[in-house]
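First the structure, in the form of structure tokens, and then the observations on it.
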Amino acid sequence: MRVLQINANRSIPVHDTAAAVAASKKCDVICITEPNKKICRNGNRNYYHNSNADAMIINFNKNLHVLEYKSGHCYVSLRYLGICIISAYLSPNITFDSFCALMLELQEATLELKQKHPRTKLLITGDFNAKHEVWGGNRPERRGREVLEWCEINNLTVLNDGIYPTLVRTSGTSYIDLSIVCDGLLQMKPIWQVLEDPDVTEHKFIFTEIPSDNSQGKKIRYKYGEINKVKLSEAFKYSIPGKSPTMSAYKMAKIIRATYHKSTPTVRCDEDFQMPYWWNEDIQTNILEVKKKRRRFQRETRNDDLRELYKRTYKEAKQDLSQKIRIAKISSWEKLCDDLQENIYGQAYKIIRSQLKKMPPRVQMDPEEKIKQFKALFVYERQTWTQPNNIQTVIRECDIFCDSDIINAAKDIKINKSPGCDNLPPNVIKTK
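Read left to right, the sequence shown gives residues 1 to 432 (UniProt numbering).
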């Protein structure tokens, strides 16, 4: 599982950049602290946040099923099969007593998870606004000591290496965005790193990769590509050399299905990690340029005048990147509106209908709960039934279809529709 972590500082462009970075890194989950409140209010079935919109988790990979969703005053948690992810935010403006109360709330959430699901591993990400020399601070503070003591009580470990800061300002750097794991995840040797991607905010992107323990591994999905009608027709000639009036419909469907699978190539599809609709090559080139200028500015420490020049150049390139992203979003939106105007009862109708009712976040049942609900709703015990002796079987003659009947029936089949129970697209029958 791959997790991306960022403090958005209530900025919409940070959300846009986070989606692009998550797609390029093929992340499964995005943990955001201080998300944009407008995005939280608009709602999305894959967006999970607490009531005051201080913490959010985006289920970026649609193949991962959320089994449980909980939230508190400072956190939001999602439980998957085998792992639970918590995104937390503790404001620097609250008192130390309030900070300790929120840490106690987090501890209660972790203890409840251990009691109900003892085999579930735990990953906590968030902006704790706590400094300690263990994860890179210059000196320990009261908050940092409280977080470190809390980790020791709950057998948790901070992944931060203290080398790369998670917050970079002109006045200095800081290490306040933390990634905390349980002993079970620590034994799996997770990969933790601070990314250099431009983030349009002072906080840095944090990437955490947890090796799969086969509890919920990602499956590579394939789909059948475009039908080669010439190749499919030739394959049908070899598969069905002659007309057999005694051939059953089941056997004929089996031959057609096997011929279709052999003659049609399979294409790997990664639809769960699509780039944002406004992404283009020009923006990708600008991101690389911003990275180069930022490295040049950060590495120049001898000449103050030259450092100030590099800093100004980096700021201008960063603003230019934000402007190009806004222009790309506007042009992509206009193109989308033009496409929808041509078919208002197609995708446009679906988009409008999806916004009429705000749906709750998507949560699926775990296997144990599914079995429990199934037993409550359906008869699952096998029942025996004996046929009475006085029932007589009547055999009737059925009319045999001729070739013209089959051809006429095939003409009425509409193409570009979903396949039926035989899993054959209508285009295959049209080709035959």
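By construction, the Cβ of each residue, glycine as well, lies at the ideal position given by its N, Cα and C atoms.
Quick test of the definition: if touching needs 3 or more C-beta pairs under 8 Å, does the region 131 to 141 touch the region 80 to 93?
no
If the criterion is Cβ atoms closer than 8 Å, does the pair residue 53 and residue 40 meet it?
By 1-based counting over the sequence shown, the position of residue 53 is 53. By 1-based counting over the sequence shown, the position of residue 40 is 40. Against a cut-off of 8 Å, the Cβ pair of residue 40 and residue 53 comes out as a contact.
Hey, does residue 340 have any beta-carbon neighbour from chain C nearer than 8 Å?
In the structure shown, chain C does not exist; there is a single protein chain.
Quick check: the Cα distance between residue 170 and residue 202, rounded to an integer number of angstroms?
Here residue 170 corresponds to residue number 170 of the sequence shown, with the count starting at 1. Here residue 202 corresponds to residue number 202 of the sequence shown, with the count starting at 1. Going from the Cα of residue 170 to the Cα of residue 202 covers about 9 Å.
What number of angstroms, rounded off, separates the C-alpha of residue 24 from the C-alpha of residue 67?
Stepping through the sequence shown from its first residue, residue 24 is reached at position 24. Stepping through the sequence shown from its first residue, residue 67 is reached at position 67. Each residue's Cα considered, the two are about 26 Å apart.
Residue from 56, 428, 21 whose Cα sits closest to the Cα of residue 258:
Position 258 of the sequence shown, counted from the start, is the residue given in the question as residue 258. Taking only the C-alpha atoms, the option nearest residue 258 is 428.
Distance CB(residue 34)-CB(residue 61) smaller than 8 Å:
For this step, residue 34 is matched to residue 34 along the sequence shown. For this step, residue 61 is matched to residue 61 along the sequence shown. No, the pair does not count as a contact, with Cβ atoms beyond the cut-off.
Compare the Cα-Cα distances from residue 180 to each of 191, 342, 350, 173 and report the closest residue.
The residue given as residue 180 occupies position 180 in the sequence shown. For the residues 191, 342, 350, 173, the minimum Cα distance to residue 180 belongs to 191.
Grab me the residues of residue 122's own chain with a C-beta within less than 6 Å of its C-beta, minus the 5 sequence neighbours each way, in chain order.
Here residue 122 refers to the residue found at position 122 of the sequence shown. The residues are 84, 182.
Helix, strand or coil, according to DSSP, for residue 82 in the structure here?
Position 82 of the sequence shown, counted from the first residue, corresponds to residue 82. Correct three-state label for residue 82: coil.
How many Å lie between residue 364 and residue 187 at the Cα?
Along the sequence shown, one-based indexing puts residue 364 at 364. Along the sequence shown, one-based indexing puts residue 187 at 187. The straight-line gap from Cα to Cα measures roughly 28 Å.
Name, in chain order, the residues that DSSP records as bridge partners for residue 2.
In the sequence shown, residue 2 corresponds to position 2, counting from 1. Paired residues: 209.
Selected residue, minimal CA-CA separation from residue 206, among 371, 367, 425, 178:
Working through the sequence shown from its first residue, we reach residue 206 at position 206. For residue 206, the nearest C-alpha among the options comes from 178.
Shortest alpha-carbon distance to residue 284 belongs to which of 254, 307, 256, 318?
Taking the first residue of the sequence shown as position 1, residue 284 is located at position 284. Of the candidates 254, 307, 256, 318, the one whose C-alpha sits nearest the C-alpha of residue 284 is 318.
Alpha carbon to alpha carbon, how far is residue 76 from residue 4?
Translated into the one-based positions of the sequence shown, residue 76 becomes position 76. Translated into the one-based positions of the sequence shown, residue 4 becomes position 4. One C-alpha to the other measures close to 15 Å.
8 Å contact criterion, which residue 120 and residue 87 should meet: CB distance rounded:
For this step, residue 120 is matched to residue 120 along the sequence shown. For this step, residue 87 is matched to residue 87 along the sequence shown. With 8 Å as the limit, residue 120 and residue 87 do not qualify as a contact, their Cβ atoms being about 16 Å apart.
I'd like to know whether the C-beta atoms of residue 276 and residue 16 end up nearer to each other than 8 Å.
As a first step, residue 276 must be located in the sequence shown, where it is residue number 276. As a first step, residue 16 must be located in the sequence shown, where it is residue number 16. A contact, by the Cβ cut-off of 8 Å.
Short Cβ contact (8 Å threshold) for residue 56 with residue 69
One-based indexing of the sequence shown puts residue 56 at position 56. One-based indexing of the sequence shown puts residue 69 at position 69. Result no, Cβ atoms of residue 56 and residue 69 do not sit closer than 8 Å.
Mapping DSSP to helix, strand and coil, what is residue 87?
Within the sequence shown, numbered from 1, the residue matching residue 87 stands at position 87. Residue state, collapsed to three classes: strand.
Within the same chain, show all residues whose beta-carbon is closer than 6 Å to that of residue 313, passing over the 5 residues directly before and after it, in chain order.
Translated into the one-based positions of the sequence shown, residue 313 becomes position 313. Correct list, in chain order: 293.
Need the endpoints of the alpha helix (DSSP H) that residue 57 sits in, please.
In the sequence shown, the residue the question calls residue 57 occupies position 57. Run containing residue 57: none in the alpha helix (DSSP H); it sits in the beta strand (DSSP E), 55 to 59.
Inter-residue Cα distance where the pair is residue 289 and residue 110
Looking up residue 289 in the sequence shown gives position 289. Looking up residue 110 in the sequence shown gives position 110. Roughly 43 Å separates the two Cα atoms.
Suppose you measure from the CA of residue 148 to the CA of residue 154; what does that come to, to the nearest Å?
Taking the sequence shown and counting its residues from 1, one reaches residue 148 at position 148. Taking the sequence shown and counting its residues from 1, one reaches residue 154 at position 154. Cα to Cα, residue 148 sits roughly 10 Å from residue 154.
When you compare each of 424, 412, 368 to residue 116 by their alpha carbons, which one comes out closest?
As a working mapping, residue 116 is identified with position 116 in the sequence shown. For residue 116, the nearest C-alpha among the options comes from 368.
Residue 72 beta carbon less than 8 Å from that of residue 93
As a first step, residue 93 must be located in the sequence shown, where it is residue number 93. As a first step, residue 72 must be located in the sequence shown, where it is residue number 72. Not a contact, by the Cβ cut-off of 8 Å.
Leaving out five residues before and five after residue 189 in sequence, what residues of the same chain have Cβ atoms less than 8 Å from its Cβ?
Here residue 189 corresponds to residue number 189 of the sequence shown, with the count starting at 1. 211.
Excluding the 5 residues preceding and the 5 following residue 280 in the sequence, name in chain order all residues of the same chain whose CB lies nearer than 7 Å to its CB.
Looking up residue 280 in the sequence shown gives position 280. Within the same chain, residue 280 has close Cβ partners 328.
Are residue 100 and residue 146 closer than 8 Å when you measure CB to CB?
As a first step, residue 100 is located in the sequence shown; it is residue number 100 there, counting from the start. As a first step, residue 146 is located in the sequence shown; it is residue number 146 there, counting from the start. Yes, Cβ-Cβ distance for residue 100 and residue 146 is below 8 Å.
Taking a contact to mean a Cβ-Cβ separation below 8 Å, would you say residue 255 touches residue 239 in this structure?
Start at 1 with the first residue of the sequence shown, and residue 255 comes out as number 255. Start at 1 with the first residue of the sequence shown, and residue 239 comes out as number 239. In contact: residue 255 and residue 239 (Cβ atoms closer than 8 Å).
Alpha carbon to alpha carbon, what distance is there between residue 59 and residue 325?
Numbered from 1 along the sequence shown, position 325 holds the residue referred to as residue 325. Numbered from 1 along the sequence shown, position 59 holds the residue referred to as residue 59. Distance between the alpha carbons of residue 325 and residue 59 is about 23 Å.
Would you mind listing the alpha helix (DSSP H) stretches within the UniProt domain "Endonuclease/exonuclease/phosphatase" (83 to 203) that are 4+ residues and don't spill past its ends, in chain order?
96 to 116, 142 to 153, 183 to 186
From the DSSP output, in three-state form, read off residue 68 for me.
The residue you call residue 68 lines up with position 68 of the sequence shown. Three-state DSSP puts residue 68 in a strand.
Hey, could you find the ends of the alpha helix (DSSP H) residue 482 is sitting in?
Given a span of 1 to 432 for the chain in the structure shown, any question on residue 482 remains unanswerable.
Going by DSSP, name the residue or residues bridged to residue 49.
The residue you call residue 49 lines up with position 49 of the sequence shown. According to DSSP, residue 49 bridges with 56.
Between the beta-carbon of residue 228 and the beta-carbon of residue 264, is there less than 8 Å?
Residue mapping note: residue 228 aligns to position 228 of the sequence shown, counting from 1. Residue mapping note: residue 264 aligns to position 264 of the sequence shown, counting from 1. In this structure, residue 264 lies closer than 8 Å to residue 228 by Cβ.
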